[in-house]
Amino acid sequence: MTAAGANGRFYASLGLLGGGYVVLILAMVVADLCYTTPDHWWAALQSHEIQYAIKLTLVSCLMTAVLSLWVAAPLGYLLSRTHFWGRSVLETILDIPIVLPPLVIGLSLLILFQTLPGKWMEETTANRLGFLVAYMAVPILAALFCWPILRTLSRGNKTALYLPAIALVVAVVLRMSGVGTSIAEVVQARYGTRITFQIPAVILAQFSVSCAFAVRTMRVTFDQISPRTEQVALTLGCTRSQAFWLIALPEARRGLVSAGTLAWARALGEFGPILVFAGATRMRTEVLSTTVFLELSVGRLEAAIAVSLLMVVVAVGVLLLMRTFGLRGGIA
Amino acid sequence: MSMRYVPWLAFVGSIAVLGGLIALWWNPKHDGPTPDGGVAERAPVVVHVAAAMRLPLEKAAADFEHDTGIKIELRFGPSETLLSNLKVSGQGDLFLPADESYVAAARKAGLVEQDYAIASMTAVAVIRADFPKAAKEIGWDDLFREGFRLVQPNPDITAIGKLTREGLTASGTWERIERAKPAMLGSVTEAANAVKLGSGDGAIIWDAVAHADPTLKVVHLSGLEKVTANVSAAVCNGAASRTEARWFAEYLAGESGQKYFRDLGYGPPREAPKPKARGAKPSENAELVLYAGAMLRPAIESTIVEFEQREHVKVTRVYNGCGILVGQMRTGREPDLYFACDPRFMGDVAELFLKPEVVSNNQLVIAVPKGNPAGIKELKNLGAEGLRVGVGHEQQCALGAITRETFLKAGVYAAVRNNVKMESPTGDLLVNQLRTGALDAVVCYISNVTPNLDKLDAIPVTGIACSAPEQPVAIAKSSANAELAAKLIEYLRSAESRKRFEELGFGWGRRGPKK
Numbered sequence: 001m002t003a004a005g006a007n008g009r010f011y012a013s014l015g016l017l018g019g020g021y022v023v024l025i026l027a028m029v030v031a032d033l034c035y036t037t038p039d040h041w042w043a044a045l046q047s048h049e050i051q052y053a054i055k056l057t058l059v060s061c062l063m064t065a066v067l068s069l070w071v072a073a074p075l076g077y078l079l080s081r082t083h084f085w086g087r088s089v090l091e092t093i094l095d096i097p098i099v100l101p102p103l104v105i106g107l108s109l110l111i112l113f114q115t116l117p118g119k120w121m122e123e124t125t126a127n128r129l130g131f132l133v134a135y136m137a138v139p140i141l142a143a144l145f146c147w148p149i150l151r152t153l154s155r156g157n158k159t160a161l162y163l164p165a166i167a168l169v170v171a172v173v174l175r176m177s178g179v180g181t182s183i184a185e186v187v188q189a190r191y192g193t194r195i196t197f198q199i200p201a202v203i204l205a206q207f208s209v210s211c212a213f214a215v216r217t218m219r220v221t222f223d224q225i226s227p228r229t230e231q232v233a234l235t236l237g238c239t240r241s242q243a244f245w246l247i248a249l250p251e252a253r254r255g256l257v258s259a260g261t262l263a264w265a266r267a268l269g270e271f272g273p274i275l276v277f278a279g280a281t282r283m284r285t286e287v288l289s290t291t292v293f294l295e296l297s298v299g300r301l302e303a304a305i306a307v308s309l310l311m312v313v314v315a316v317g318v319l320l321l322m323r324t325f326g327l328r329g330g331i332a
Numbered sequence: 333m334s335m336r337y338v339p340w341l342a343f344v345g346s347i348a349v350l351g352g353l354i355a356l357w358w359n360p361k362h363d364g365p366t367p368d369g370g371v372a373e374r375a376p377v378v379v380h381v382a383a384a385m386r387l388p389l390e391k392a393a394a395d396f397e398h399d400t401g402i403k404i405e406l407r408f409g410p411s412e413t414l415l416s417n418l419k420v421s422g423q424g425d426l427f428l429p430a431d432e433s434y435v436a437a438a439r440k441a442g443l444v445e446q447d448y449a450i451a452s453m454t455a456v457a458v459i460r461a462d463f464p465k466a467a468k469e470i471g472w473d474d475l476f477r478e479g480f481r482l483v484q485p486n487p488d489i490t491a492i493g494k495l496t497r498e499g500l501t502a503s504g505t506w507e508r509i510e511r512a513k514p515a516m517l518g519s520v521t522e523a524a525n526a527v528k529l530g531s532g533d534g535a536i537i538w539d540a541v542a543h544a545d546p547t548l549k550v551v552h553l554s555g556l557e558k559v560t561a562n563v564s565a566a567v568c569n570g571a572a573s574r575t576e577a578r579w580f581a582e583y584l585a586g587e588s589g590q591k592y593f594r595d596l597g598y599g600p601p602r603e604a605p606k607p608k609a610r611g612a613k614p615s616e617n618a619e620l621v622l623y624a625g626a627m628l629r630p631a632i633e634s635t636i637v638e639f640e641q642r643e644h645v646k647v648t649r650v651y652n653g654c655g656i657l658v659g660q661m662r663t664g665r666e667p668d669l670y671f672a673c674d675p676r677f678m679g680d681v682a683e684l685f686l687k688p689e690v691v692s693n694n695q696l697v698i699a700v701p702k703g704n705p706a707g708i709k710e711l712k713n714l715g716a717e718g719l720r721v722g723v724g725h726e727q728q729c730a731l732g733a734i735t736r737e738t739f740l741k742a743g744v745y746a747a748v749r750n751n752v753k754m755e756s757p758t759g760d761l762l763v764n765q766l767r768t769g770a771l772d773a774v775v776c777y778i779s780n781v782t783p784n785l786d787k788l789d790a791i792p793v794t795g796i797a798c799s800a801p802e803q804p805v806a807i808a809k810s811s812a813n814a815e816l817a818a819k820l821i822e823y824l825r826s827a828e829s830r831k832r833f834e835e836l837g838f839g840w841g842r843r844g845p846k847k
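Residue numbers (this note's numbering), protein chains in the order written: chain A, 1 to 332; chain B, 333 to 847.
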């Protein structure tokens, strides 16, 4: 037996096993395609409710992906680079959203928002969101935006110490000038809302599940990146923070894209927690997975399948875009 | 730009992406609690609806919104999930599950009050379209034939399954179904979808569900005609828009809403049992116990006296605040007849009574001494410094509960509460206090003020639905004198009675929504 022949058979058997799964996926999509017609697609795309669901799905999934990355990158780094008491417990806790039935996540969120802290949070977002945005979020953002200028002016010395001072100055200026009050009023009138059964509940439900997958991905990413480059940077005078921001994070670029993609995709398919925590209100909390459920509930299989295929098209399109542009020239 | 700023750019860029998404596209309508100080925008009626009821509800809600200007927010889900949500969150005005068993469960959990029968459904068998027999030739034997793939909604978790089991057990058919080892599915729609897709050959489902797919063969098998269920809408105990929720439920139960249910294969709601009215013979020594809200006394007393004289029935009247009456009924005292000041207090004991009938309606007013010395024009003036205000007790009577709800909707609750010097279980007591000069203004019914119009002025509270309650009357299910009670209701709904009500400022019958 020649080595080439053995290799060929080996690859053929791998291809056969893996190909079976690919065929299964394609067969499901083809079966769905055969069950529906262009008319059903057209009708689905024409529906205002479904147009709204597409928009909300895209926006909420994107927001979930970004929020997940904010949490997953630092948490993944922490778990990968540090050893502390209770780390294994923390890892187990982070796996809870993955192992719990999705409906339970939704129910748990709903119960959480009936507790005192939950009610306080709802009360805050409903009545004091404008105040928080005007006097907390805007000053903090302004300080963050000023960071490169500050860094240049201070030549990198104790830049972080200036950030709270700038935020405080901005908050005072906003208050004294009356601009803060105007911002608060506009934000409150336009965005002040409760959480349960509203759009924030959709994002929170998606985030609760998707973030766990993103954390796991980022942890593996940092595990695979050798800490040697960071250690060299530390010996050359970098702080741990600089090593994270300037060395580890750029090296983990591909991992960040993967984690973001995974979080986005998981959020797209999320249904159970959204149904329980955000409800299925048309033109408000209806995302595409909810639309499929609503159509199935009244026996409209063709419409449900048309929307499902729409989800496949949207997902494939977005994932291809992310993989094409997000991974170009990646390092890790 | 230096490489060192790339992570900063990514971080700030992601914030900008989030901010941009929120600012450009997401514009949630503000429907949180309204701060005190101004009249709140009318909140939508939040209806928890079984997803299977989506089609008729969407159409009826759109029509109702168009006709009345009241916004309806439909929240869909499986009935069990809706019930759980209601238990946990307490949010919602109306609960409309796929069948009445969930309403019963919600009532048991203390989540709902009055319910309205909306439609009915009857069990049928559906068979796949390519089954080699015409629908009228198919019998039970075909379903139990070797190789026939029967699918069945699970009798432990679905109403259709449970009711089919109950309805077919006596005839032995259910045993045959079990022997056929059907695939048990989680919902009636799943069973219908399974037959439609061809993964099952037949299933027992509701006729309204079968109606959604005309390609299926619908078979009316013997015994299934007795397997029926009502679809009911129940007003939630924690409803924020209680009156509007009732209007919508009545709209669904009326002809305007019924046409949508009919079009989708639902049957009319089953008639509620109604005793035949009769009077008593002089020798019968018949007696009725009537519980009535205190505000109704002046309007019904003469009618009851007439009834006693003409029909030879002694009526023992118990007038009090409706909250107190409900409390008494909860402790086991059951009257033959209950005449409530507001449907909420009827709903609290709905399980004890037959279907209520609305007799009259009333209007909340601000009563002030003649000439209105404090210059009160609207509710928010009641919060003026130093004013002495009297209101109904929030727990003990409908007047207090309605006043509270009206204040909350008007956004003046906190301000007026500071001025409340007296809470009373009846409006008449408040009016007496006002006349003695102990109070500057009281919030009561127009019927409390009408007999005193020479000494008092009444300023109507308008634009808030709950400020105009309706008064329903109902016969107790346990009453041994239901027919006599039905006769008394006839008297209460007579033209003479109407005149007495209207003389006191009451409206007659249902009030209904106005655009």
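Ideal Cβ placement from N, Cα and C applies to all residues, glycine included.
Just so it is clear, the structure is predicted and the values come from calculations on it, not from any experiment.
One or two residues paired with B/A457 in a DSSP bridge: By one-based count along the second sequence, residue 457 of chain B stands at place 125. Partner(s): B/I536, B/V551.
Contacts around A/P139, its chain only, beta-carbon distance under 6 Å, and the 5 residues preceding and following it disregarded: The sequence position of residue 139 of chain A within the first sequence is 139, counting from 1. If we look at A/P139 and ignore the five residues flanking it on each side, its Cβ neighbours are A167, V170, A171.
Looking only at its chain, what residues have a beta carbon closer than 6 Å to the beta carbon of B/D447, apart from the 5 residues adjacent to it on each side? For the purposes of this step, residue 447 of chain B is identified with residue 115 of the second sequence, where counting begins at 1. Within the same chain, B/D447 has close Cβ partners V435, S564, A566.
For A/R219 and A/G76, believed in contact at Cβ under 8 Å, the rounded distance: As a position in the first sequence, residue 76 of chain A is number 76, starting the count at 1. As a position in the first sequence, residue 219 of chain A is number 219, starting the count at 1. That belief holds up - the Cβ atoms of A/G76 and A/R219 are roughly 4 Å apart, short of 8 Å.
Look at B/E726 and B/G732 and say whether their C-beta atoms are less than 7 Å apart. Working through the second sequence from its first residue, we reach residue 726 of chain B at position 394. Working through the second sequence from its first residue, we reach residue 732 of chain B at position 400. Yes, Cβ-Cβ distance for B/E726 and B/G732 is below 7 Å.
Please state whether the Cβ-Cβ distance between B/S452 and B/P601 is less than 7 Å. Residue mapping note: residue 452 of chain B aligns to position 120 of the second sequence, counting from 1. Residue mapping note: residue 601 of chain B aligns to position 269 of the second sequence, counting from 1. Cβ atoms of B/S452 and B/P601: closer than 7 Å.
Using DSSP's beta-bridge definition, name the partner residues of B/E287. Because chain B in this structure spans residues 333 to 847, residue 287 of chain B falls outside the shown range and cannot be described.
To the nearest angstrom, how far is it from the Cα of A/P164 to the Cα of A/A259? Sequence index remark: in the first sequence, residue 164 of chain A carries index 164 (1-based). Sequence index remark: in the first sequence, residue 259 of chain A carries index 259 (1-based). If I take the Cα positions, the gap works out to 31 Å.
Give me the Cα-Cα distance between B/G664 and B/K753, rounded to the nearest whole angstrom. Here residue 664 of chain B refers to the residue found at position 332 of the second sequence. Here residue 753 of chain B refers to the residue found at position 421 of the second sequence. Cα-Cα distance, rounded: 34 Å.
Quick check on this structure: which residue in A/L204, A/L249, A/A248 has the alpha carbon closest to the alpha carbon of A/T64? One-based indexing of the first sequence puts residue 64 of chain A at position 64. Out of A/L204, A/L249, A/A248, A/L204 has the C-alpha closest to the C-alpha of A/T64.
For A/M121 and A/R194, I'd like the C-alpha separation in whole angstroms. The residue you call residue 121 of chain A lines up with position 121 of the first sequence. The residue you call residue 194 of chain A lines up with position 194 of the first sequence. Those two C-alpha atoms are separated by around 9 Å.
Would you mind sorting A/L24 into buried or exposed? The rule is 16 or more other CB atoms within 10 Å of its CB. Residue mapping note: residue 24 of chain A aligns to position 24 of the first sequence, counting from 1. The residue is exposed, with fewer than 16 neighbouring Cβ atoms inside 10 Å.
Within-7 Å CB hit, B/R830 to chain A: The sequence position of residue 830 of chain B within the second sequence is 498, counting from 1. No - not a single Cβ of chain A is within 7 Å of the one on B/R830.
Would you list the residues sitting across from B/W840 in a DSSP beta bridge? As a working note, residue 840 of chain B is residue 508 in the second sequence. Bridge partners of B/W840: B/S692.
When you compare each of B/E633, B/I791, B/L443 to B/R832 by their alpha carbons, which one comes out closest? In the second sequence, residue 832 of chain B corresponds to position 500, counting from 1. Nearest C-alpha to B/R832: B/E633.
Residues of chain A with a CB under 7 Å from the CB of B/T521: which are they? For the purposes of this step, residue 521 of chain B is taken as residue 189 along the second sequence, with counting starting at 1. In chain order: L296, S297, G299.
Proximity test, Cβ basis, 7 Å: A/W335 and chain B: Any question about residue 335 of chain A goes unanswered here, given that chain A covers just 1 to 332.
Length of the line joining the Cα atoms of A/T353 and B/T738: Limits of chain A in this structure are 1 at one end and 332 at the other, which puts residue 353 of chain A out of reach.
Complete beta strand (DSSP E) runs within the stretch 729–806 of chain B (minimum length 3 residues, chain order): 752–756, 773–777, 788–792
List the residues of chain A whose Cβ lies closer than 7 Å to the Cβ of B/W340, in chain order. By 1-based counting over the second sequence, the position of residue 340 of chain B is 8. Simply W147, P148.
Any C-beta of chain B sitting closer than 7 Å to the C-beta of A/M322? Position 322 of the first sequence holds residue 322 of chain A. Not an interface residue.
Neighbour list for B/A524 in chain A, Cβ cutoff strictly below 8 Å: Taking the second sequence and counting its residues from 1, the one referred to as residue 524 of chain B is at position 192. Those are G299, listed as they occur along chain A.
Under the assumption that B/E723 contacts B/V805 (Cβ atoms under 8 Å), give the Cβ distance between them as a whole number of angstroms. Mapped onto the second sequence, residue 723 of chain B falls at position 391. Mapped onto the second sequence, residue 805 of chain B falls at position 473. The question names Glu, but residue 723 of chain B in the sequence shown is Val. Contact flag wrong, Cβ pair sits at about 26 Å.
According to the neighbour-count rule (16 or more other Cβ atoms, all chains shown, within 10 Å of its Cβ), is A/G5 buried or exposed? Indexing the first sequence from 1 puts residue 5 of chain A at position 5. Burial call: exposed.
Residue interval of the beta strand (DSSP E) (run including B/M516): On the second sequence, residue 516 of chain B is found 184 positions in, with the first residue counted as 1. Unbroken beta strand (DSSP E) run through B/M516: 515–517.
By Cβ distance, which residues of its chain are closer than 8 Å to A/R129, with the 5 residues on each side in sequence left out? Counting from one through the first sequence, the residue named residue 129 of chain A turns up at place 129. In the sequence as presented, Arg is not what sits at residue 129 of chain A; that position holds Leu. Excluding residues within five positions, the ones whose Cβ falls inside 8 Å are V187, Q188, Y191, G192, T193.
Going straight from the alpha carbon of A/Q198 to that of B/A355, what length do you get? Taking the first sequence and counting its residues from 1, one reaches residue 198 of chain A at position 198. Taking the second sequence and counting its residues from 1, one reaches residue 355 of chain B at position 23. Taking the straight line from one Cα to the other gives about 17 Å.
Tell me whether A/R300 is buried or exposed, calling it buried when 16 or more other Cβ atoms sit within 10 Å of its Cβ. In the first sequence, residue 300 of chain A corresponds to position 300, counting from 1. Classification of A/R300: buried, given that the 10 Å Cβ count is 16 or more.
On the three-pair Cβ rule with 8 Å, is the stretch 590–597 of chain B touching the stretch 618–638 of chain B? no
Does the count of Cβ pairs from the stretch 232–245 of chain A and the stretch 84–103 of chain A closer than 8 Å reach three? no
Three-state secondary structure (DSSP) of A/P101: Taking the first sequence and counting its residues from 1, the one referred to as residue 101 of chain A is at position 101. If DSSP states are grouped into helix, strand and coil, A/P101 belongs with coil.
Chain A residues whose Cβ lies nearer than 9 Å to that of B/F408: Here the question's residue 408 of chain B lines up with position 76 in the second sequence. Here the neighbours are L275, G279, A280, T281, R282, E286, T290, F293, L294, S297.
Measuring alpha carbon to alpha carbon, tell me which residue in B/Y583, B/E507, B/V377, B/A502 is nearest B/K925. Only positions 333 to 847 of chain B appear in the structure, and residue 925 of chain B is not among them; the question remains open.
Just to confirm the assignment, what range does the alpha helix (DSSP H) spanning B/G530 have? Numbered from 1 along the second sequence, position 198 holds the residue referred to as residue 530 of chain B. No alpha helix (DSSP H) contains B/G530, which DSSP labels as neither H nor E.
Interface residues of the stretch 380–393 of chain B facing chain A [CB-CB below 9 Å]: H380, A382, A383, A384, M385, R386, L387, E390
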